[in-house]
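Chemist:
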Amino acid sequence: MQLTPSLESLNVNLTDITHHAYETVQRGKHFFAIAHKALSTHIFLGLFPPTQKRTQPLSPEVLAWVQERYNALLETDWQGAERGIYPIDLLFDAPWTEFLQFYPSLWLDSSKMWQRANANMFQEFDAAINLENYPQYYRQNFHYQTDGYLSETSANLYDMQVEILFGGTADAMRRRILAPLVDHVQRNSPSPRILDIACGTGRTLKQLQAAFPTASLFGLDLSESYLRKANTLLIQEAGVLPQLVQGRAEDLPYVENHFDILTCIFLFHELPAPVRQQVIAEAYRVLQPGGMFILCDSIQVADFPGQRVMMDNFANLYHEPFYRNYIEDDISQRLTDDGFELLGVEYHFMSKYWIVRKP
Ligand SMILES: C[S@@+](CC[C@H](N)C(=O)[O-])C[C@H]1O[C@@H](n2cnc3c(N)ncnc32)[C@H](O)[C@@H]1O
């Protein structure tokens with residue numbers, strides 16, 4: 001006699017349970033992000049009143065648009081795992097212990113960011129940081145964050161800050177590069193050589209590791225601290241360790257035609273326009289003919305003019321000196337000017353994806 005009822009007898013489907021679990025975790029992250037933003041805004045507005053109003057209220061139409069696109073992203077993300085594009089585990093992957101560990105530091109740092117924003121100070125670095133090795137446009141406190149991208153503290157807080165900014169969807173947006181890549185890999189080499197340009201703390205490389213276990217992975221970033229953080233994340237996985245290199249996206253330290261695939265996530269809005277073009281030229285040079293390049297960054301005004309107020313709020317709230325230029329920039333034109341063939345453009349939640357091929 002069976003004492004415990006089977007899942008079948010309870011008419012419960014494991015896939016449904018996993019789907020609900022995923023939705024619950026995501027909605028939990030979303031709720032947490034909203035609560036954190038509301039509480040921190042309330043506290044810091046009281047402690048450090050801003051000298052000028054920096055944001056405009058969002059209309060009910062814009063808020064409905066955000067909600068609709070958020071729901072669509074979660075559904076697409078779930079379906080990607082269900083179709084086997086990436087393992088289901090990836091949907092639940094997050095550095096929870098680190099989030100807990102560094103959450104108090106996030107509050108401390110938010111207070112400094114708020115004060116820096118009020119004083120419009122964006123070139124404050126610890127005296128021990130040697131800025132000489134970095135291009136001028138990079139020597140800034142992007143997002144008003146302490147030490148910009150150039151300290152261990154900044155690297156420890158970055159993933160949590162981005163998850164809060166995007167309501168817990170940063171990884172889900174990064175995962176949207178995987179479906180076109182899986183199609184490409186199935187039609188070409190099963191063990192591709194993939195470079196993630198501006199890999200940051202390695203979240204995209206981790207997803208690539210999971211989706212393409214036999215690929216050779218490479219990551220490049222300007223920040224030594226972020227690369228160290230990426231290394232700590234990536235050594236946790238079995239298999240070949242991605243090769244991480246400190247370097248400039250606009251001067252890639254690789255020979256011509258070296259890679260089958262290139263990815264680049266959330267970099268372009270932080271570059272001056274001429275540097276964007278240089279990065280595209282470099283991407284073209286190191287990609288082999290027939291190779292695929294996927295570029296992901298913020299949505300742009302031409303695609304969603306009704307959401308301009310949201311983009312303006314972002315630019316006004318965070319120190320993003322090149323964002324206003326980026327949202328008006330014709331990236332498709334830049335890509336084709338350098339020889340790429342545009343295969344498609346996709347939009348998921350707050351991000352835009354250019355999928356191109358080197359002929
Ligand atoms: C907004 S973060 C995005 C990081 C990562 N791709 C992600 O998905 O979170 C921008 C990253 O670009 C890096 N970066 C900025 N300018 C760069 C450049 N010229 N070359 C290489 N990396 C750069 C920064 O150090 C930072 O890690």
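So the sequence shown is numbered by the UniProt record's numbering: it starts at 1 and just counts up by one.
By construction, the Cβ of each residue, glycine as well, lies at the ideal position given by its N, Cα and C atoms.
What is the DSSP secondary structure of residue 272, reduced to helix, strand or coil?
Modeler: Residue 272: coil per DSSP, three-state reduction.
Chemist: State the CB to CB distance for the pair residue 229 and residue 202, rounded to an integer number of angstroms; the pair is presumed to be in contact (CB under 8 Å).
Modeler: The pair is a contact, with the Cβ atoms about 7 Å apart (cut-off 8 Å).
Chemist: Please give me, in chain order, every unbroken run of the alpha helix (DSSP H) with length at least 4 that falls completely inside the UniProt domain "Methyltransferase" (194-291).
Modeler: Runs of the alpha helix (DSSP H) inside the UniProt domain "Methyltransferase" (194-291): 203-211, 224-234, 273-286.
Chemist: Taking the alpha carbon of residue 360 as the reference point, which residue from 52, 295, 326 has its own alpha carbon closest?
Modeler: The chain is shown only over 1 to 359; residue 360 falls outside these bounds and no answer can be derived.
Chemist: Residue range of the beta strand (DSSP E) that residue 351 falls in?
Modeler: Looking at the DSSP string, the run of the beta strand (DSSP E) that includes residue 351 is 351-357.
Chemist: Can you tell me the Cβ-Cβ gap for residue 62 and residue 307, rounded? I've got them flagged as a contact below 8 Å.
Modeler: About 6 Å separates the two Cβ atoms, so the contact holds.
Chemist: Got a sec? Which residues, its chain only, sit under 7 Å from residue 269 by beta carbon, not counting five neighbours each side?
Modeler: 297, 298, 320, 322, 323, 326, listed in sequence order.
Chemist: Output the distance between the C-alpha atoms of residue 88 and residue 212, rounded to the nearest integer angstrom.
Modeler: The alpha-carbon atoms of residue 88 and residue 212 are separated by roughly 14 Å.
Chemist: Taking 6 Å as the line, does the beta carbon of residue 318 fall inside it for any heavy atom of ligand 1?
Modeler: No, the beta carbon of residue 318 sits no closer than 6 Å to any heavy atom of ligand 1.
Chemist: Distance check for residue 28 and residue 1, CA to CA, integer angstroms please.
Modeler: With a pLDDT of 47 at residue 1, under the threshold of 50, the modelled position of this residue cannot be trusted; read the value that follows with caution. About 40 Å.
Chemist: For residue 194, verify whether its CB is less than 6 Å away from any heavy atom of ligand 1.
Modeler: No, Cβ of residue 194 sits at least 6 Å from all heavy atoms of ligand 1.
Chemist: Helix, strand or coil for residue 124, going by three-state DSSP, please let me know.
Modeler: Residue 124: coil per DSSP, three-state reduction.
Chemist: With DSSP as the reference, label residue 1 as helix, strand or coil.
Modeler: Reliability fails at residue 1, whose pLDDT of 47 lies under 50, so the model's placement of it is uncertain and no value is given.
Chemist: Shortest alpha-carbon distance to residue 235 belongs to which of 210, 252, 223, 255?
Modeler: Of the candidates 210, 252, 223, 255, the one whose C-alpha sits nearest the C-alpha of residue 235 is 210.
Chemist: Assign residue 323 to one of three DSSP states: helix, strand, or coil.
Modeler: In the structure shown, residue 323 sits in a helix (DSSP, three-state: H, G or I).
Chemist: Is the number of C-beta pairs between the stretch 37-52 and the stretch 124-140 that are closer than 8 Å three or more?
Modeler: Not touching, per the Cβ criterion.
Chemist: CA-CA distance, residue 214 and residue 185?
Modeler: Their backbone Cα atoms lie some 11 Å apart in a straight line.
Chemist: Is the separation between the beta-carbon of residue 112 and that of residue 153 shorter than 7 Å?
Modeler: Cβ distance not < 7 Å, so residue 112 and residue 153 don't count as in contact.
Chemist: Are there any heavy atoms of ligand 1 lying less than 6 Å away from the beta-carbon of residue 268, as far as the coordinates show?
Modeler: It does not: the Cβ of residue 268 is nowhere closer than 6 Å to a heavy atom of ligand 1.
Chemist: Starting from the N-terminal side, write out each stretch of the beta strand (DSSP E) that is 3 residues or longer and does not extend beyond the stretch 92-144.
Modeler: With a minimum length of 3 residues, no continuous beta strand (DSSP E) run stays inside the stretch 92-144.
Chemist: Going by CA-CA distance only, name the one from 180, 345, 158 that's closest to residue 225.
Modeler: Comparing Cα-Cα distances from residue 225 to each of 180, 345, 158, the minimum goes to 158.
Chemist: Three or more C-beta pairs under 8 Å: does that hold for the stretch 106-126 against the stretch 168-183?
Modeler: Output reads no: the stretch 168-183 does not touch the stretch 106-126.
Chemist: Could you give the C-beta distance for residue 192 and residue 219, rounded to a whole number, given that I count them as a contact under 8 Å?
Modeler: The Cβ separation is near 15 Å, so there is no contact.
Chemist: Put residue 150 into one of helix, strand or coil per three-state DSSP.
Modeler: Looking at residue 150 - three-state DSSP - the assignment turns out to be coil, as it is neither helix nor strand.
Chemist: Please classify residue 294: is it buried, with 16 or more other beta-carbons within 10 angstroms of its beta-carbon, or exposed?
Modeler: Buried.
Chemist: Leaving aside the five residues before and after residue 357 along the sequence, list all residues of the same chain whose C-beta is less than 8 Å from its C-beta, in chain order.
Modeler: Here the set comprises 290, 291, 292, 293, 340, 341, 343.
Chemist: Identify every residue that forms a DSSP beta bridge with residue 348.
Modeler: Residue 348 is bridged to 351.
Chemist: Looking at C-alpha atoms only, which residue of 216, 197, 100, 274 is the closest neighbour of residue 365?
Modeler: With the chain covering only 1 through 359, there is no way to say anything about residue 365.
Chemist: Ends of the alpha helix (DSSP H) at residue 189?
Modeler: Here residue 189 belongs to no alpha helix (DSSP H), and DSSP marks it neither H nor E.
Chemist: Does DSSP classify residue 329 as helix, strand or coil?
Modeler: DSSP places residue 329 in coil when its eight states are reduced to three.
Chemist: Can you have a look at residue 261 and say buried or exposed, based on whether 16 or more other CB atoms are within 10 angstroms of its CB?
Modeler: Flag for residue 261 reads buried.
Chemist: Return the CA-CA distance between residue 108 and residue 250, expressed in angstroms with no decimal places.
Modeler: Taking the straight line joining both Cα atoms gives about 34 Å.
Chemist: Does the beta-carbon of residue 249, which I'm using as the reference point, lie nearer than 6 Å to any heavy atom of ligand 1?
Modeler: Residue 249 Cβ: within cutoff of ligand 1.
Chemist: Does the separation of the CB atoms of residue 73 and residue 169 fall below 7 Å?
Modeler: A contact, by the Cβ cut-off of 7 Å.
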